[in-house]
Amino acid sequence: MKKVLVILLLAVVGFYLADVFIGIGFGNDHFVKSDEIKPVKDIYLQQTVENLKVSNAVTSIVVNFRGFDTLGEVTVLFLSVTALGSILYRKRHHAGDRSVLFSASSIVTAGSKLLFPPILLLGAYVFIHGHLSPGGGFQGGVIIATGFLLMLLAYENYTVSHNALSIVESFAGITFAVIGLMGFMNGGTFLQNFLPVGTLNDLFSGGIIPIIYIAVGFKVAAELTGVIYTVLNEKGDQKNG
Amino acid sequence: MDNTYYDLLTYVVYGSAILVMLIGLYAVLVKKSLLKIVIGLSIVDSGLNLLIVSLGYLKNGTAPIFSKGFFELAADKPMVDPLLQALVLTAIVIGFGVTAVALSLVIRLWRHHHTLYIDEIKNLKW
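Here the protein sequences line up with chains A and B, keeping their order.
Counting from 1, one number per residue, gives the positions in the first sequence under this note's numbering.
Counting from 1001, one number per residue, gives the positions in the second sequence under this note's numbering.
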């Protein structure tokens, strides 16, 4: 009975959602263009090429036009990681005290030792080239965290230092905030560019955008590794909670 | 590309994105296991992200990246909306944070009650 009701409710919700979106249409440009009024997309794309000299328009929006939003996003990520750590807090925390159903075979351990450096390299490549190619700080950070996840799954006594993680994390966060505040020193606004922008499609281009994205990459990598480490060290059946 | 192709694509793209959202909502509303509820929440996230990204697509559009290949091969094509992609990037990260905190709460409930089924957790009833 309950399932029928839920399906009916969802059918109504889905019908009206689909009605609205199919009315909008897929791939249509609805904006009536004129000389005075331009869609915000065109302004972003124009400014990205002409002023910022950044190839990837998504990066320039995330870090520059909506950079304050990204600072808030990084703060939300930090807050959720802190909440996870404090909810799962335990007084006694032994190293290597991990919930393992069965230990990894020798193929997995040998292979992960081989794969770990290339994964880190790929992650670093993705966030260093965040302003030139698809990718960026968040994606690169996630790739690096998967490398640590592989090592943690393969080796039962592999540990990551919580102090090192928090140092990397706070340093990256401070870098983001300080670069943002340095925009004020040149008489500008928060997160305003103060470095030379270079030429388009050059590795050293875009002013402060690559620096901020590299900081975001380190921060996301440290935070996600911390999440994985905290959750993996959680033993299911302990008597005193 | 002719128009009927895009008309068909409208139904396929938006329909599948909305279907993914509804599957997630169904899991949240009907399932009894807390783990499945959290999985349902993240499925709703994925469907919503698909919907927002597909909203920014333009006919014959290319990726919003001014690479060398773009200037050589596709300079006359319109670019899809990068703003929605940036918003979805934010939404994915926030979705990760939501999932992480929800899973940690589930682990905490497991520690106290040793069950994940909300019917068996008596403290929830009043």
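Heads up, the beta-carbon is just placed ideally off N, CA and C, and yes, glycines get one too.
Sequence-distant residues of the same chain with beta carbon closer than 7 angstroms to residue i, five excluded per side
i, result
"V197 (chain A)", "L52, K53, S205, G206 and G207"
"V81 (chain A)", "E223, G226 and V227"
"T48 (chain A)", "V54, A57 and S60"
"D1081 (chain B)", "G1056"
"L1035 (chain B)", "V1106 and L1116"
"L10 (chain A)", "none"
"F68 (chain A)", "F190 and L191"
6 angstroms CB neighbourhood of residue i in its chain, flanking five on each side removed
i, result
"F190 (chain A)", "G180 and G183"
"I1094 (chain B)", "none"
"F148 (chain A)", "T225"
"A1102 (chain B)", "V1038"
"V216 (chain A)", "G137"
"V108 (chain A)", "A154"
"H131 (chain A)", "V54, N56, T59, G206, I209 and P210"
"G241 (chain A)", "Residue placement at G241 (chain A) is flagged as unreliable, the pLDDT there being 40, under the threshold of 50; the coordinate-derived value follows with that caveat. No residues qualify anywhere along the chain."
"V168 (chain A)", "F218 and A222"
"G135 (chain A)", "V126"
8 angstroms Cβ cutoff met for residue i and residue j
i, j, result
"P1049 (chain B)", "I1092 (chain B)", "Sequence inspection shows Asn at residue 1049 (chain B); the Pro mentioned does not correspond to that position. In contact: N1049 (chain B) and I1092 (chain B) (Cβ atoms closer than 8 angstroms)."
"K2 (chain A)", "V1038 (chain B)", "no"
"S1067 (chain B)", "N28 (chain A)", "no"
"L88 (chain A)", "T230 (chain A)", "yes"
"Y1014 (chain B)", "L1051 (chain B)", "yes"
"V1088 (chain B)", "V1044 (chain B)", "no"
"G141 (chain A)", "I214 (chain A)", "no"
"S1104 (chain B)", "L84 (chain A)", "yes"
"G1047 (chain B)", "V76 (chain A)", "no"
"L71 (chain A)", "F171 (chain A)", "no"
"F1071 (chain B)", "T1062 (chain B)", "no"
"F26 (chain A)", "L1009 (chain B)", "yes"
"T1090 (chain B)", "E234 (chain A)", "no"
"Y1011 (chain B)", "I22 (chain A)", "yes"
"L165 (chain A)", "S112 (chain A)", "no"
Chain-ordered chain B contacts of residue i [CB-CB under 8 angstroms]
i, result
"D69 (chain A)", "T1090"
"L88 (chain A)", "S1104, I1107 and R1108"
"V126 (chain A)", "Near V126 (chain A) there are no residues of chain B at all, since even the closest Cβ is about 13 angstroms away, more than 8 angstroms."
Residue i: contacting residues in chain B (beta-carbon distance under 7 angstroms)
i, result
"L84 (chain A)", "A1100, V1101 and S1104"
"A104 (chain A)", "The premise fails here: A104 (chain A) is roughly 23 angstroms from chain B at the closest Cβ pair, so nothing lies under 7 angstroms."
"V62 (chain A)", "A1086 and L1089"
"S80 (chain A)", "G1097, A1100 and V1101"
Pairwise C-alpha distance: residue j and residue i
i, j, result
"E36 (chain A)", "Q46 (chain A)", "15 angstroms"
"S103 (chain A)", "A154 (chain A)", "8 angstroms"
"L122 (chain A)", "I1107 (chain B)", "32 angstroms"
"G187 (chain A)", "Q1085 (chain B)", "31 angstroms"
"I1023 (chain B)", "Y16 (chain A)", "16 angstroms"
"R66 (chain A)", "N163 (chain A)", "31 angstroms"
"H1113 (chain B)", "T1099 (chain B)", "21 angstroms"
"I128 (chain A)", "V62 (chain A)", "15 angstroms"
"G14 (chain A)", "G1040 (chain B)", "16 angstroms"
"V160 (chain A)", "N1123 (chain B)", "37 angstroms"
"P1078 (chain B)", "K1032 (chain B)", "47 angstroms"
Partners in chain A for residue i, counting only beta-carbon separations shorter than 7 angstroms
i, result
"S1054 (chain B)", "F26"
"L1058 (chain B)", "G27 and D29"
"I1037 (chain B)", "None at all; the shortest Cβ gap to chain A is about 13 angstroms."
"V1093 (chain B)", "E73, L77 and F138"
"D1081 (chain B)", "K41"
"T1010 (chain B)", "I22, G25 and F26"
Partner residues on chain A for residue i, Cβ-Cβ distance less than 8 angstroms
i, result
"S1042 (chain B)", "Result: empty, since nearest Cβ-Cβ is about 14 angstroms, beyond 8 angstroms."
"S1067 (chain B)", "S55, L132, S133 and N201"
"A1027 (chain B)", "The premise fails here: A1027 (chain B) is roughly 10 angstroms from chain A at the closest Cβ pair, so nothing lies under 8 angstroms."
Beta carbon proximity, residue i to chain B, threshold 8 angstroms
i, result
"A177 (chain A)", "no"
"K113 (chain A)", "no"
"V4 (chain A)", "no"
"E156 (chain A)", "no"
"I143 (chain A)", "no"
"S34 (chain A)", "no"
"F148 (chain A)", "no"
"E169 (chain A)", "no"
"V227 (chain A)", "yes"
"G14 (chain A)", "yes"
"E253 (chain A)", "Only positions 1 to 241 of chain A appear in the structure, and residue 253 (chain A) is not among them; the question remains open."
Residues near residue i by beta carbon distance below 8 angstroms, same chain, minus five either side
i, result
"T199 (chain A)", "K53 and S205"
"L120 (chain A)", "I144 and G147"
"G173 (chain A)", "V74, F78, A215 and K219"
Short CB-CB distance (under 8 angstroms) between residue i and chain A
i, result
"D1119 (chain B)", "no"
"N1123 (chain B)", "no"
"V1013 (chain B)", "yes"
"Y1005 (chain B)", "no"
"G1024 (chain B)", "no"
"G1097 (chain B)", "yes"
"L1073 (chain B)", "no"
"V1030 (chain B)", "yes"
"L1051 (chain B)", "yes"
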